[in-house]
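**Q** Under the numbering used here, residues 59 to 470 are what the sequence shown spells out, in order.
After the structure tokens below, expect a handful of questions from me.
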Amino acid sequence: MDLSSRYFISLLSSFIKDATPVKPGCIGEDKEKDDSGHDNVDWGKIYKLASIHSLGGAVYLAVQKLDEADKPEADILNKLKSEFFYATYRFEEQEREYRKIVELLNREKIKHLFFKGVIVRDYYPVKQVRTQGDIDFLIYPEDRKKVEKIFTDLGYRNFSTKWHDKFKKGKIVFEGHDNLVNTEINSKVDYSAYFANAWEYAKPKEYGYTYELDMNYHLAFLITHIAKHFYEKGAGVRLILDIAVILNKYGEELDFQKIWKHLENIKLDLFAKHIFALCERWFGVKAPGMYFEMDESTYSYISKYILEGGTFGYSNDNIAISALRKEYEKTGSFEHIKIKAMLKKIFLSFDIMREIYPILKKHPYLLVFAWIHRGIKCIVIKRKRTFRIIKGIREFSEEGKNTYIMMKKIGL
Numbered sequence: 059m060d061l062s063s064r065y066f067i068s069l070l071s072s073f074i075k076d077a078t079p080v081k082p083g084c085i086g087e088d089k090e091k092d093d094s095g096h097d098n099v100d101w102g103k104i105y106k107l108a109s110i111h112s113l114g115g116a117v118y119l120a121v122q123k124l125d126e127a128d129k130p131e132a133d134i135l136n137k138l139k140s141e142f143f144y145a146t147y148r149f150e151e152q153e154r155e156y157r158k159i160v161e162l163l164n165r166e167k168i169k170h171l172f173f174k175g176v177i178v179r180d181y182y183p184v185k186q187v188r189t190q191g192d193i194d195f196l197i198y199p200e201d202r203k204k205v206e207k208i209f210t211d212l213g214y215r216n217f218s219t220k221w222h223d224k225f226k227k228g229k230i231v232f233e234g235h236d237n238l239v240n241t242e243i244n245s246k247v248d249y250s251a252y253f254a255n256a257w258e259y260a261k262p263k264e265y266g267y268t269y270e271l272d273m274n275y276h277l278a279f280l281i282t283h284i285a286k287h288f289y290e291k292g293a294g295v296r297l298i299l300d301i302a303v304i305l306n307k308y309g310e311e312l313d314f315q316k317i318w319k320h321l322e323n324i325k326l327d328l329f330a331k332h333i334f335a336l337c338e339r340w341f342g343v344k345a346p347g348m349y350f351e352m353d354e355s356t357y358s359y360i361s362k363y364i365l366e367g368g369t370f371g372y373s374n375d376n377i378a379i380s381a382l383r384k385e386y387e388k389t390g391s392f393e394h395i396k397i398k399a400m401l402k403k404i405f406l407s408f409d410i411m412r413e414i415y416p417i418l419k420k421h422p423y424l425l426v427f428a429w430i431h432r433g434i435k436c437i438v439i440k441r442k443r444t445f446r447i448i449k450g451i452r453e454f455s456e457e458g459k460n461t462y463i464m465m466k467k468i469g470l
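In structure tokens:
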């Protein structure tokens with residue numbers, strides 16, 4: 059990692075520990091200087107990383123503890139400040155709706171539990187800056203209709219998919235699940251079946267019908283969630299920071315015998331070791347009782363893969379590399395993988411297309427017209443992004459192979 063990337067990580071480490079950050083440039087052994095002899099930290103790059111990883115608010119709070127002379131220029135500081143205030147506004151907006159939904163679910167005597175970001179944010183030193191796009195909750199399948207009525211009565215629209223119900227009102231989104239995992243990660247384990255017993259690891263909170271997951275089980279699930287994103291397009295810094303926050307706050311209280319048992323059962327123990335090792339290297343937070351050293355080449359590649367991908371690996375380059383990796387994984391050869399990867403991105407599978415175009419659920423014969431419509435939309439409306447992805451597929455075949463090798467090395 060370059061100096062600016064390391065300082066971005068260092069600021070986050072200071073944030074979760076509520077500590078004063080080190081001075082810019084004082085990271086590692088190679089204290090880079092610019093021509094005038096000042097520490098060569100690129101605040102523009104730090105802001106960009108904070109923005110694409112949805113961590114601008116956390117970085118802003120860390121930067122506020124620096125001496126005035128060490129803070130970024132006013133333009134960057136104001137941008138970080140704006141991200142902080144927007145994150146706070148979004149938190150309050152989501153929190154109001156969250157509390158309203160909890161109250162109504164209890165009133166209707168519907169058992170439910172929340173998981174992922176809405177729970178993890180409470181472990182952060184300042185929970186308002188742990189951003190989230192949606193709020194996830196688990197219910198029993200037989201309660202789906204009752205839950206849908208609660209949301210529709212409040213003015214939410216239901217954008218249901220084959221994986222979950224998605225309730226949206228303005229920018230507020232709730233996702234209702236009847237299983238913690240509804241998508242395949244790899245061919246090693248049926249993850250959906252393994253996490254189908256989540257209710258066995260749940261206990262009621264102070265409200266009668268609101269439950270919470272056992273923290274050990276939830277941590278094993280969060281590692282699985284990271285693995286899913288890692289395997290698809292990428293997992294951003296925020297997901298790794300979540301694990302570091304949990305280890306920092308509850309490390310000694312967690313039962314790692316139970317956690318490792320879950321991870322071994324789902325064959326993600328090696329992957330988890332790399333994630334925990336990354337938490338230690340980046341944030342100085344250790345998983346109790348774990349002794350594992352990640353080799354430098356893997357550390358460098360994982361760091362690059364995460365940092366460049368953004369919150370969920372949705373950078374144009376990561377999308378291209380992911381497409382190439384999946385084709386290389388099937389064939390083990392470079393031959394024709396560029397063409398195959400490009401065709402897969404242009405002609406999405408029917409399962410994906412019917413979620414984009416719900417009309418296909420009733421009229422599958424319209425698939426060709428949906429492909430044409432999507433193609434026109436990508437060229438006319440998303441032209442720049444589309445051509446960046448196509449260019450990436452043409453240029454990154456070697457990178458696709460390297461990513462495949464890295465995935466195997468870390469246990470995916």
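For every residue, glycine included, the Cβ atom is placed at its ideal position computed from N, Cα and C.
On a predicted model such as this, the values are computed, not experimentally measured, just so you know.
#1: Do L107 and L365 have their C-beta atoms closer together than 8 Å?
#2: Considering only residues of the same chain and omitting the five flanking positions on each side of P79, which have a CB-CB separation below 7 Å?
#3: Among I281, M411 and K420, which one has its Cα closest to the Cα of I430?
#4: In this structure, what does DSSP give as the bridge partners for Y234?
#5: Counting Cβ pairs closer than 8 Å, one from the segment 325-343 and one from the segment 281-298, do we hit at least three?
#6: In whole angstroms, give me the CA-to-CA distance for R215 and E413.
#7: Counting C-beta neighbours from all protein chains within 10 Å, is the total for E155 16 or more, i.e. buried, or is it exposed?
#8: Count the other CB atoms, across all protein chains shown, that sit within 10 Å of the CB of S407; report buried if there are 16 or more and exposed otherwise.
#9: Using 8 Å as the threshold, is the C-beta distance between E233 and D194 below it?
#10: Can you tell me whether DSSP reads L124 as helix, strand or coil?
#11: Give me the Cα-Cα distance between I74 and I304, rounded to the nearest whole angstrom.
#12: Assess, as a yes-or-no matter, whether the segment 255-267 is touched by the segment 182-190 under the definition of 3 or more beta carbon pairs within less than 8 Å.
#13: Measure from the alpha carbon of K227 to the alpha carbon of each residue in L61, K420, G213 and V239, then state which is nearest.
#14: Put T268 into one of helix, strand or coil per three-state DSSP.
#15: Please state the DSSP three-state secondary structure of L113.
#16: What's the C-alpha gap between A345 and D248?
#17: If contacts are defined as beta-carbon pairs under 8 Å, then G175 and V231 qualify, I think. What distance do you get, rounded to the angstrom?
#18: Can you tell me whether DSSP reads P262 as helix, strand or coil?
#19: In or out: E322 buried (at least 16 other Cβ within 10 Å) or exposed?
#20: Compare the Cα-Cα distances from N274 to each of I159, L113, Q315 and G114 and report the closest residue.
#21: Count the other C-beta atoms from every protein chain shown that fall within 10 angstroms of the C-beta of A320, then say buried if there are 16 or more, exposed otherwise.
#22: Can you say whether S94 is buried or exposed, counting buried as having 16 or more other CB atoms within 10 angstroms of its CB?
#23: For N237, which option in F225, S245 and W221 has the closest C-alpha, if you only look at C-alpha atoms?
#24: What are the partner residues of N136, as DSSP defines its beta bridges?
#25: Measuring alpha carbon to alpha carbon, tell me which residue in L196, T146, S361 and F350 is nearest E270.
#26: Output the distance between the C-alpha atoms of T210 and L280, rounded to the nearest integer angstrom.
#27: Could you tell me which of P422, I468, G469 and I404 sits nearest to I437, measuring between CA atoms?
#28: One question on the structure: do I177 and Y252 come within less than 8 Å of each other, judged by their Cβ atoms?
#29: Which two residues bound the contiguous alpha helix (DSSP H) that contains H431?
#30: F217 to T241, Cα distance in whole Å?
#31: Give the straight-line distance between the Cα atoms of I110 and K103, rounded to the nearest whole angstrom.
#32: Go through its chain and collect everything with a Cβ distance to I134's Cβ below 6 Å, but skip five positions before and after it.
#33: Distance, Cα to Cα, D33 vs K129?
#34: Leaving out five residues on either side along the sequence, give the residues of the same chain with a beta carbon under 8 Å from the beta carbon of P199.
#35: Considering Cα atoms alone, identify which of G115, A428 and F329 is closest to H287.
#36: Rounding to the nearest angstrom, what Cα-Cα distance links D92 and S63 in this structure?
**A** For this structure:
#1: Yes, these two residues count as a Cβ contact at 8 Å.
#2: Excluding positions up to five away in sequence, the list reads S68, L69, S72, A120, K123 and L124.
#3: For the residues I281, M411 and K420, the minimum Cα distance to I430 belongs to M411.
#4: Just to set this straight, residue 234 is Gly in the shown sequence, not Tyr. Bridge pairing for G234: F195 and D223 [DSSP].
#5: Per the Cβ contact rule, the segment 325-343 is in contact with the segment 281-298 (3 or more Cβ pairs under 8 Å).
#6: Within the model, the alpha-carbon separation for R215 versus E413 is close to 15 Å.
#7: Buried: at least 16 other Cβ atoms inside 10 Å.
#8: Classification of S407: exposed, given that the 10 Å Cβ count is below 16.
#9: Taking 8 Å as the Cβ cut-off, E233 and D194 qualify as a contacting pair.
#10: Three-state result, L124: coil.
#11: Their backbone Cα atoms lie some 10 Å apart in a straight line.
#12: Between the segment 182-190 and the segment 255-267, the count of C-beta pairs closer than 8 Å stays below three; the two stretches do not touch.
#13: Answer by Cα proximity: G213.
#14: For T268, the three-state secondary structure derived from DSSP is strand.
#15: Reduced to three states, the DSSP call for L113 is coil.
#16: The straight-line gap from Cα to Cα measures roughly 26 Å.
#17: 12 Å between Cβ atoms; not a contact.
#18: Looking at P262 - three-state DSSP - the assignment turns out to be strand.
#19: With a threshold of 16 other beta carbon atoms within 10 Å, E322 falls short and is exposed.
#20: Of the candidates I159, L113, Q315 and G114, the one whose C-alpha sits nearest the C-alpha of N274 is Q315.
#21: Checking the displayed sequence, the identity of residue 320 turns out to be His instead of Ala. Buried.
#22: With a pLDDT of 39 at S94, under the threshold of 50, the modelled position of this residue cannot be trusted; read the value that follows with caution. Looking at its Cβ environment, which holds fewer than 16 other Cβ atoms inside 10 Å, S94 is exposed.
#23: Closest option to N237, judged by alpha-carbon separation, among F225, S245 and W221: W221.
#24: In the DSSP assignment, N136 is bridged to no other residue.
#25: Cα-wise, what sits closest to E270 is L196.
#26: Each residue's alpha carbon lies about 30 Å from the other.
#27: With distances taken between Cα atoms, I437 lies closest to I404.
#28: No; because the gap between Cβ atoms is not below 8 Å, this pair is not in contact.
#29: Residues L425 to V438.
#30: Each residue's alpha carbon lies about 18 Å from the other.
#31: Here the alpha carbons of K103 and I110 stand approximately 11 Å from one another.
#32: For I134, where only same-chain residues beyond five positions count, the Cβ hits under 6 Å are W101 and Y105.
#33: Nothing can be reported for residue 33: it is not among the residues displayed for the chain, which extend from 59 to 470.
#34: For P199, same chain residues with a beta-carbon under 8 Å away, outside a window of 5 residues either side, are D236 in chain order.
#35: Closest by alpha carbon: F329.
#36: Low local confidence applies: a pLDDT of 41 at D92 is under 50, so the model's placement there is unreliable, with the coordinate-based value given in what follows. One C-alpha to the other measures close to 16 Å.
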